[in-house]
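Protein chains in written order, with our numbering: chain A, 8 to 188; chain B, 10 to 246.
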Amino acid sequence: MEKPKLATTSLAGCFGCHMSFLDIDERILKLVELVQFDKSPIDDIKEFTGQCLVGLVEGGCANEENVHVLQKFRKNCDILISVGDCAINGGIPAMRNDLSIKECFEEAYLNGPSVYNPSGVLPDDKELPLLLDKVYPCHEVVKIDYHLPGCPPSADTLWEALVALLTNKPLELPYELIKYD
Amino acid sequence: MEQKAITFTIDGVEIKGSPGQTIMQAADEAGVYIPRLCYLKDLTPHGSCRICTVMVNGRSQAACTQPITEGMVVENNTDALDEHRRNIVDMLFVEGNHYCMFCEKSGNCELQAMAYRLGICAPKYPYLFPQSNVDASHPDILIDRNRCILCGRCVIASRDVDGKNVFEFVGRGPEKRIAVNAEAKLSDTDIDVTDKAAQVCPVGAIIKKRVGFAVPIGERLYDKEPIGSDIESKKNK
Numbered sequence: 008m009e010k011p012k013l014a015t016t017s018l019a020g021c022f023g024c025h026m027s028f029l030d031i032d033e034r035i036l037k038l039v040e041l042v043q044f045d046k047s048p049i050d051d052i053k054e055f056t057g058q059c060l061v062g063l064v065e066g067g068c069a070n071e072e073n074v075h076v077l078q079k080f081r082k083n084c085d086i087l088i089s090v091g092d093c094a095i096n097g098g099i100p101a102m103r104n105d106l107s108i109k110e111c112f113e114e115a116y117l118n119g120p121s122v123y124n125p126s127g128v129l130p131d132d133k134e135l136p137l138l139l140d141k142v143y144p145c146h147e148v149v150k151i152d153y154h155l156p157g158c159p160p161s162a163d164t165l166w167e168a169l170v171a172l173l174t175n176k177p178l179e180l181p182y183e184l185i186k187y188d
Numbered sequence: 010m011e012q013k014a015i016t017f018t019i020d021g022v023e024i025k026g027s028p029g030q031t032i033m034q035a036a037d038e039a040g041v042y043i044p045r046l047c048y049l050k051d052l053t054p055h056g057s058c059r060i061c062t063v064m065v066n067g068r069s070q071a072a073c074t075q076p077i078t079e080g081m082v083v084e085n086n087t088d089a090l091d092e093h094r095r096n097i098v099d100m101l102f103v104e105g106n107h108y109c110m111f112c113e114k115s116g117n118c119e120l121q122a123m124a125y126r127l128g129i130c131a132p133k134y135p136y137l138f139p140q141s142n143v144d145a146s147h148p149d150i151l152i153d154r155n156r157c158i159l160c161g162r163c164v165i166a167s168r169d170v171d172g173k174n175v176f177e178f179v180g181r182g183p184e185k186r187i188a189v190n191a192e193a194k195l196s197d198t199d200i201d202v203t204d205k206a207a208q209v210c211p212v213g214a215i216i217k218k219r220v221g222f223a224v225p226i227g228e229r230l231y232d233k234e235p236i237g238s239d240i241e242s243k244k245n246k
């Protein structure tokens, strides 16, 4: 029987959740017996090769590209999991949510203490994804099946959750593995 | 003349309390934990957070304010009440800006611990991301209103224990916030870092400066044991 596929991505996140995922250490050898990695920064596959059983999403939606990737993940993954606080509540990027886009741009490209921009030009290339009005948690954009909180969720949390899902067991995390920091 | 003990039940277990006690006080003494956020032993109960809602003879009551009576039937640990408590905690999370990942209170925060105890992985309501502010004017204490859950502990402690009336609520509904009794800033009040009002905040809204992150992750109050374990362990002794 073919192994089920696993896809991962980082939207408006810091890749810390992926780093934590790598902290499963030698258990990754057991993981590759259970799954085949599909689209993911871990194997650098850029596009989906087929329907995946599980998708792990790190980070919230800060720009239109994040939304497109998230929608693709929803379409191509049977089970979609929000991994980490940014995916669940926007996290650090969401600290801009009480400022306007204009204020964010002015701080980043004109007024910030380390900015050198004598021409005063703001980035405006059509290749650049447009920023959203605020940073959205993933479950406010598409349906999310499970949430694994933490900044980042510990390797044990990710491991327990994945193994439970891949071996058809109920996902019941013990007290120590649900943490918001 | 000694007053007679009052006997009642919580989830079918017989509890004895003394006259004048609230359900919360009698339950705490008996080692039965009723979840709470605004209630704090030694402060006048405020009854505002509604986390401690229990069913008393079939009607919902706040356990922290409701006195015990002979033969009363209290339900505490039920699926319906846990769902109700989960809803309140969900709302508190989306109504504020609770960034646990960099909050000094994380691991010792009662709101976070309540969410852990109730098994919340993500709130079910949309985030509001309200505009809020920080008052760091005082040399030893700061107020971060992003994290305030309007429990009223600081108001009561400052009024009843410190006798200073440093804090009060202003505004209504979503505008409601904690204000200080001064022209503008916390530094203009006579609050001191040793005041009761500076110790009682359940979240990271009123925190002492220069003491954050002193306890390493893994050894903080709620890292290993859920909130309420201290009360429940009394029962097992």
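A virtual CB, placed ideally from N, CA and C, is assigned to each residue, including glycine. Nothing here was measured: the structure is a model prediction, and the numbers come from that model.
Of all residues in the segment 147-176 of chain B, none is placed with a Cβ closer than 8 Å to any Cβ belonging to chain A. Residue 128(B) and residue 115(A) have their C-alpha atoms spaced approximately 38 Å apart. A straight line joining the alpha-carbon of residue 180(A) with that of residue 137(B) spans about 28 Å. For residue 43(A), the pairing in a beta bridge is given by DSSP as 12(A).
Chain A has no Cβ within less than 8 Å of the Cβ of residue 14(B). If only complete runs of 3 or more residues are kept, the segment 79-157 of chain B shows the beta strand (DSSP E) at 82-84 and 150-153, in order along the chain.
Between residue 80(A) and residue 16(A), the gap from beta carbon to beta carbon is short of 8 Å. As a beta-bridge residue in DSSP terms, residue 23(B) pairs with 18(B). Between residue 15(B) and residue 27(B), the beta carbon gap of about 7 Å places them in contact (Cβ cut-off 8 Å). Per DSSP, residue 62(B) is one residue of the beta strand (DSSP E) stretching across 62-65.
Within chain B, no residue has its CB atom less than 8 Å from the CB of residue 111(A), the nearest being about 14 Å off. For the segment 8-30 of chain A, the set of positions with a beta-carbon nearer than 7 Å to some beta-carbon of chain B is empty. In terms of Cβ geometry, residue 90(A) and residue 65(A) form a close pair [threshold 8 Å]. The three-state reading of DSSP puts residue 228(B) in coil, since its state is none of H, G, I, E or B.
Contact with chain B is found for residue 158(A), since one of that chain's Cβ atoms lies less than 8 Å from the residue's Cβ. Under a criterion of Cβ atoms nearer than 9 Å, the residues of chain A adjacent to residue 116(B) are, in order, 186 and 188. When the five nearest sequence neighbours on each side are left out, no beta carbon in the same chain lies closer than 6 Å to the beta carbon of residue 89(B). Counting along the chain, the unbroken beta strand (DSSP E) around residue 87(A) starts and ends at 84-90. The C-beta of residue 121(A) has fewer than 16 other C-beta atoms within 10 Å across all chains shown, which makes the residue exposed. The secondary-structure analysis by DSSP pairs residue 69(B) across a beta bridge with 64(B). Taking 8 Å as the cut-off, the beta carbon of residue 131(B) is found no closer than this to the beta carbon of residue 25(A). Per DSSP, the beta bridge partners of residue 65(A) are 17(A) and 90(A). Cβ-Cβ distances below 7 Å link residue 86(B) to 20 in the same chain, with the five nearest sequence neighbours on each side left out; the list follows chain order. Between the alpha carbons of residue 174(A) and residue 62(A) lies a gap of roughly 16 Å. Under the three-state reduction of DSSP, residue 215(B) is assigned to strand. A straight-line Cα-Cα distance of about 15 Å links residue 60(B) and residue 37(B). Within 9 Å of the CB of residue 95(A), the CB atoms of chain B belong to 130, 131 and 132, in sequence order along the chain. Leaving aside the five residues that flank residue 48(A) on each side, the residues in its chain whose CB is nearer than 8 Å to its CB run, in chain order, 15, 16, 17, 22 and 25. At a cut-off of 8 Å between C-beta atoms, residue 222(B) does not count as an interface residue with respect to chain A. Taking a Cβ-Cβ cut-off of 8 Å, the neighbours of residue 109(B) in chain A comprise 92, 158, 187 and 188, given in sequence order. Proximity of chain B to residue 69(A) at the Cβ level (cut-off 9 Å) is not reached, the minimal Cβ distance being about 13 Å.
In its chain, beyond the 5 residues on either side, 15 and 17 have a beta carbon closer than 8 Å to the beta carbon of residue 78(B). Residues of chain B with a Cβ closer than 7 Å to the Cβ of residue 104(A) are, in chain order, 138. Residues of chain B with a Cβ closer than 8 Å to the Cβ of residue 89(A) are, in chain order, 131. Taking the beta carbon of residue 75(B) as reference, no residue of chain A falls within 7 Å; the closest one sits roughly 30 Å away.
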